[in-house]
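Note sheet for the following structure.
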Amino acid sequence: MKILLIFFTFYLISGAVKDIDVTGYSGGSVLVDSEKLWFSDYKYVAKLPGWNIIINDTKHDKWINEGRFTLFQNNEGKLMIYIRELIQHDAGRYAIDVFHNQRIYMSLNVEEDSCCKVSKKVMVNIGETAAFSCEYSQSHINDPKIIFKEEKDSIETIYSTWKKEGRISISNDKHKNIFSVRITAVTPDDGGVYLCGVWINRPLYSYSIITAVHLHIINKLATYRVSGYSGGGLMIKCEHPQYKTKPKYICKESDGCSERKNPGVQDEWMENGDVSLYDDTRAGVLMVFFRELKAADAGTYRCGVNVSHYTESFTELQLNVKHDAKYPMDVAKTAYLGEEVNITCQIPEKHKVHFCKEDDNHICQNISSSKVTQMNGSSERNEERVFTVIISNVSVRDAGVYWCGAETRDTYLTFISLNTKIQLNII
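Just so you know, the sequence shown maps onto residues -15 to -1, 1 to 412 in mature numbering (1 follows the signal peptide of the UniProt record, and there is no 0).
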């Protein structure tokens, strides 16, 4: 959303009633400086002529919000009036009580202008330079440019002709009515909403915000190549140990990450479409299980964590789905109660062996039992090796579906390609 912000400063006799004329744009916002100090008295806003109450606050907070209307104290101790997402119905006259008998009357005019309805989303990696541009109308071509940032409980100037910050710079193209903003060496704290504006030098000071920019800071930890077999299973474990309780997700980057899949709950397996997810808050790991890989699953994924609303950290996965007539293998085994059963599998030689059993939700879970022994054999071919799993003293509970496959582990990621399915029947 493009925001128009009008910032007025008035020099009137202390205690006199102020009458302010403000112009904003439909779809935009206005920010007005009352030029009065913020006192711990009640705050009151009503729309005339019916005196419809919008804000009637006695809590004395420094940020009072009711719907699209906000009163707050800026870093200079001034009382600010902020109205967001303007509509034509907002036009009219307002009464604002700020301290004892001090009252401000504000007349708000809402106009239509195509320049003031644009919102931008910018994503940049930590340490890189964020760049975005802001359009302004021809009438503001010679007005000084200014940048605000929305803070938790305030909106503050971070760059202007009279207040410059080392990592922020502005360049103005008067031929295109665009000024460009650059923020170098971005950090997670730089994430948030920025408001591009022009300072209109009139008898009454005013600031016009013309573009809202949502700056998202991303931290790509690493890129990994992951592969599995069409029809087989794939378990992915993304590690974020420093953000154990933060919500985690996986999304397909080649689809624009339009659908972010997450468990919705923590420490519990949940189905989401054709995958199952588990957000392990004890280890800080997101587990993603593809039950049956398809060609359409191939692509680039982000396996990440939302550190904050405007900051995320993720591992990039490049998933290749291989088609091989040999894999996945289907094996049927039958064993008698109390006997021993041997299960033989082949995996790529360089990988660690993984053996698991499907639970009731068809998720292949690790097996930790004294009855199960893995025996690694010699290589049949240069690229593969055979290993044998022995289950001793089998019982009825041992019946079910088992998988074996190859496990690959790295700093931020573990993935397990399941290539052999074993149906064990007990008689």
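Beta carbons: idealized from backbone N, C-alpha and C, even for Gly.
Residue environment for Q331: buried (at least 16 other C-beta atoms within 10 angstroms of its C-beta). Bounds of the beta strand (DSSP E) holding V326 are 326 to 333. By a beta-carbon distance limit of 8 Å, K406 contacts V386. Their separation comes to about 6 Å. For E51, the three-state secondary structure derived from DSSP is strand. Within the DSSP bridge table, the entry for K63 names L22 as partners.
Under the DSSP definition of a beta bridge, Y234 partners with G289.
Setting aside the 5 residues that flank it on each side, D315 is surrounded in the same chain by K406, each with a C-beta closer than 7 Å to its C-beta; the list follows chain order.
In the DSSP annotation of this structure, the continuous segment of the beta strand (DSSP E) that includes E301 starts and ends at 296 to 307. W36 and G52 have their alpha carbons spaced roughly 17 Å apart. Classified as exposed, N41 has fewer than 16 neighbouring CB atoms from the shown chains inside 10 Å of its CB. Note that the C-beta distance between D383 and L409 is below 8 Å.
Check the Cα spacing between E392 and each of F340, I376, A283: the tightest is with F340. Leaving aside the five residues that flank D158 on each side, the residues in its chain whose CB is nearer than 8 Å to its CB run, in chain order, F164, S165.
Ranked by Cα distance from K222, the options E244, I202, T300, A281 are led by T300.
Between the region 76 to 95 and the region 173 to 182, the count of C-beta pairs closer than 8 Å stays below three; the two stretches do not touch. Nearest in C-alpha terms to C236, of all of E141, S298, G213, A268, is S298. For I89, the enclosing beta strand (DSSP E) has its first and last residue at 87 to 96. Three or more Cβ pairs drawn from the region 211 to 220 and the region 304 to 318 lie within less than 8 Å of each other, which places the two stretches in contact. Annotated as proximal: L22 and G62, with beta-carbon spacing under 8 Å. Annotation for I412: T319, A320, Y321, L322 place their beta carbon closer than 8 Å to its own, counting only its chain and skipping 5 residues before and after. The residue from R267, K335, C389, Y295 with its alpha-carbon nearest to that of N327 is C389.
Closest option to V260, judged by alpha-carbon separation, among W254, F275, A268: F275. By the CB criterion at 8 Å, I68 and S14 fall inside the cutoff. The beta carbon of S122 lies closer than 6 Å to those of C100 in the same chain, with the five residues before and after it left out. G218 counts as buried, since no fewer than 16 other beta carbons sit within 10 angstroms of its beta carbon.
Taken through DSSP and simplified to helix, strand or coil, H199 comes out as strand. When beta bridges are read from the DSSP output, R394 appears opposite T399. Between E141 and I195, the C-beta spacing is not below 8 Å.
Assigned with DSSP and collapsed to three states, D282 falls in helix.
Taking a 10 Å sphere around the C-beta of A115, we find 16 or more other C-beta atoms and assign the residue as buried. Inter-residue distance for N59 and G284 is about 47 Å (C-alpha atoms, whole angstroms). Boundaries of the beta strand (DSSP E) harbouring E120: 115 to 120, taken from the DSSP string. In this structure, the alpha-carbon of V103 lies about 53 Å from that of K335. Between V95 and A76, the C-beta spacing is below 8 Å.
Taking every protein chain shown into account, the CB of V7 has 16 or more other CB atoms within 10 angstroms, so this residue is buried.
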